[in-house]
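Numbering (my numbering), first residue to last: 1 to 529.
Glycine included, C-beta positions come from ideal geometry on N, C-alpha and C.
Note that this is a predicted model, so its numbers are computed, not measured.
In what follows, a single structure is set out as structure tokens and then discussed.
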């Protein structure tokens, strides 16, 4: 039980259904779908559509999507909705332009948006309602406007300079050249019209026809490589999840090209090192989790990519021999300075989870990568195009080197923990590179330390900066822990911003209740009925 003398929030309990998203309006959308007879798949799609309007810097239909769905009988399904590089994306073409790294903004890092195809495949297989009903709130907010919430208003100005240089960005996402302030009404009528077209004609209205032609023409006009043929060839894929045991749970992630494998390597290391025995608020725990994470992320940066070009398999990376070799490099008394600093891709993402009355659980994540993605917005249809191609490398021969029709190493990852063959925790943590660390930390808080989902999410976080050498500590990491970590060789500073966000729903076997938490680092909101 939390201390009610201090600011905070309690976990949410409900019987008939639960939704936890990064924005109150999206949670209300999901709950209304559940109450009207829709299931968790319906509610998740509807909530994400709303988020594409009310959190436009964090997500959009011009981005990618991953889903893990657990059926009431416990069967698990993974959906990889990440788009591919254009077929013309030859690495030598980029290097001939004098580039030694992928650009982060503009037309060159734009890849095929996979989200809408993923939504349609999820809806066709598991949904019960049509897009016309599921997009109703998104369309209404786009046409009539919505109030800009606090966290959205905080983040939006960071993209103003680049949005102002793009005709569509300035038209649809700036007001008199500025970001809309908190509490102001903002509308997105062009995006609402795009939602109406998709609701009427399905994903073909997005990938083909007028919208697809405008996307391709916009990218081409800015010197990019994406074509109408690339868009028409999109394919979100059903995949088997990869999993590892942690305590009483089997933890499921989407296999590469996503970085979910990184979370599993980290959890395997934590289990090997028995970090769960360490006090939850101790320097020992922080140090061991950070050291294990540094190794897991180094593996990611060297080996994780589109599975067609990986030189190792997930099974090899999760093998006892490999985990033992990594664990041998960790010293509880000292930072290992002989670990390559992890590469730190930034990301702005929404994660949401929904569980319905039948205990069907959906773990759902959608992103345009950086804030407002590539900062390229189609002028007529109002679609922000992702910059996911920035996740590729131009290092010749690297598994994650950009190539025609290739998927990049991807940061966004949903998670699902099962126990006894049934869904037990549907959860995810936003924040680009932080996500695997967030998965491991939040799950450990629940599995090892008995925290409810809200406590597990609220618990203070620490992570390295973009150099990989300095640890950014949230305020809750106290001075004694910081001093102890510095004695072990870590360089500590105050985190300039919170690490990620996150949502979680526990399906409690004993009480029968759904128990949810949502992240105050965002405008997180959990509601049930």
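{"query": "Selection from 319, 26 and 4 that minimises the alpha carbon distance to residue 350", "result": "26"}
{"query": "For residue 315, the three-state DSSP class (helix, strand or coil)", "result": "helix"}
{"query": "Touching by the beta-carbon criterion (3+ pairs, under 8 Å), the segment 247–260 and the segment 440–456", "result": "yes"}
{"query": "Straight-line Cα distance separating residue 506 from residue 304", "result": "30 Å"}
{"query": "Exposure of residue 435, with buried meaning 16 or more beta-carbon neighbours within 10 Å", "result": "buried"}
{"query": "The segment 58–67 / the segment 369–387 touching (three or more Cβ pairs under 8 Å)", "result": "yes"}
{"query": "Helix, strand or coil at residue 465 according to DSSP, with G and I counted as helix", "result": "coil"}
{"query": "Length of the line joining the Cα atoms of residue 438 and residue 465", "result": "15 Å"}
{"query": "Every unbroken beta strand (DSSP E) within the segment 341–410, with a cutoff of 3 residues, ordered by chain", "result": "349–356 and 361–367"}
{"query": "Counted within 10 angstroms of its Cβ, other Cβ atoms place residue 430 as buried (16 or more) or exposed", "result": "buried"}
{"query": "Where residue 53 falls, given that 16 or more other Cβ within 10 Å makes a residue buried", "result": "buried"}
{"query": "Alpha-carbon to alpha-carbon, residue 2 and residue 10", "result": "7 Å"}
{"query": "Residue 330 - DSSP class collapsed to helix/strand/coil", "result": "coil"}
{"query": "Complete alpha helix (DSSP H) runs within the segment 413–452 (minimum length 4 residues, chain order)", "result": "435–447"}
{"query": "Euclidean distance between Cα positions of residue 182 and residue 330", "result": "46 Å"}
{"query": "Three-state secondary structure (DSSP) of residue 162", "result": "helix"}
{"query": "Cβ-Cβ distance between residue 269 and residue 292 below 8 Å", "result": "yes"}
{"query": "Contact check, residue 129 vs residue 42, beta carbons under 8 Å", "result": "yes"}
{"query": "Residue 270 - DSSP class collapsed to helix/strand/coil", "result": "helix"}
{"query": "Assigned exposure category for residue 512 - 16 Cβ within 10 Å defines buried", "result": "exposed"}
{"query": "Per DSSP, the bridge partner or partners of residue 473", "result": "462 and 494"}
{"query": "Same chain, Cβ closer than 6 Å to residue 520, five either side skipped, listed in chain order", "result": "none"}
{"query": "Alpha carbon of residue 335 to alpha carbon of residue 358, nearest angstrom", "result": "47 Å"}
{"query": "Separation of residue 64 from residue 224, as counted between CA atoms", "result": "19 Å"}
{"query": "Buried or exposed by the 16-neighbour rule on C-beta atoms within 10 Å, applied to residue 518", "result": "buried"}
{"query": "Backbone secondary structure at residue 546 - three-state DSSP", "result": "Nothing about residue 546 can be read from this structure; the chain reaches only from 1 to 529."}
{"query": "Every unbroken beta strand (DSSP E) inside the segment 217–268 [3 residues or more]", "result": "237–239, 242–246 and 249–253"}
{"query": "Inter-residue spacing [alpha-carbon to alpha-carbon] between residue 255 and residue 299", "result": "15 Å"}
{"query": "Residue from 174, 486 and 33 with nearest C-alpha to residue 187", "result": "174"}
{"query": "Alpha helix (DSSP H) segments (min. 4 residues) lying fully within the segment 126–161", "result": "131–134, 136–144 and 150–155"}
{"query": "Cα-Cα separation, residue 70 to residue 486", "result": "43 Å"}
{"query": "Sub-8 Å separation of residue 44 and residue 427 beta-carbons", "result": "no"}
{"query": "Simplified DSSP assignment, three categories, for residue 171", "result": "helix"}
{"query": "Residue 84 burial status per 10 Å Cβ neighbour count (16 or more: buried)", "result": "buried"}
{"query": "Pick from 79, 98 and 110 that is closest to residue 89, judged by C-alpha positions", "result": "110"}
{"query": "Buried versus exposed call for residue 191 [16 or more other C-beta atoms within 10 Å across all chains shown]", "result": "buried"}
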